[in-house]
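In my numbering, the protein residues as written are 27 to 182.
Backbone N, C-alpha and C fix where the C-beta goes; we use that ideal spot for every residue, glycine too.
Please read all numbers here as calculations on a predicted model, not as lab measurements.
These notes concern the structure reproduced below.
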């Protein structure tokens, strides 16, 4: 067993895991109850497990919890809670959220937290909505790609 100190959604937390090579995904879901980060393929192919680590999208199924001790980790739950802050850490989340709602993007919704994390990472990195749409590489088994592209392109 190993204890790891993390910074998740702006707060310091400690998790106890079997080993330091436990995927971050399982620490978030099992130890911290942050189930918005989904387990999809476990092989870095679908993007359902995306989180922001130091502001960059990372796939938490392939990041060992020991690698991110001391890093700033944000999940979809953290972005949603941060939206109420007077100075949100990721202001583009509000735009993405509005675009997703206005364009009725989700169908089953399973992939959406990873898609939104990816969109926020791209927009915060300086991409336009159109460039973010072109760069989106996540999988959606429901096929909502036209609505995702429309939503992202609606963001200036």
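Query	Result
C-alpha distance - residue 103 paired with residue 67, whole-angstrom precision	21 Å
DSSP three-state assignment for residue 85, whether helix, strand or coil	strand
Residue 170, buried or exposed, once every other Cβ within 10 Å from all chains shown has been counted against 16	buried
Cβ distance (whole Å) where residue 50 is taken to contact residue 86 below 8 Å	4 Å
Residue burial classification, residue 134 (beta-carbon count within 10 angstroms, cutoff 16)	exposed
Three-state secondary structure assigned by DSSP to residue 70	coil
Boundaries of the beta strand (DSSP E) in which residue 172 is found, first to last residue	First-last for residue 172: 171-179, but that is the alpha helix (DSSP H), not the beta strand (DSSP E).
Rounded separation between residue 162 and residue 97 - CA only	24 Å
Pair within 7 Å by beta-carbon distance, residue 74 and residue 64	yes
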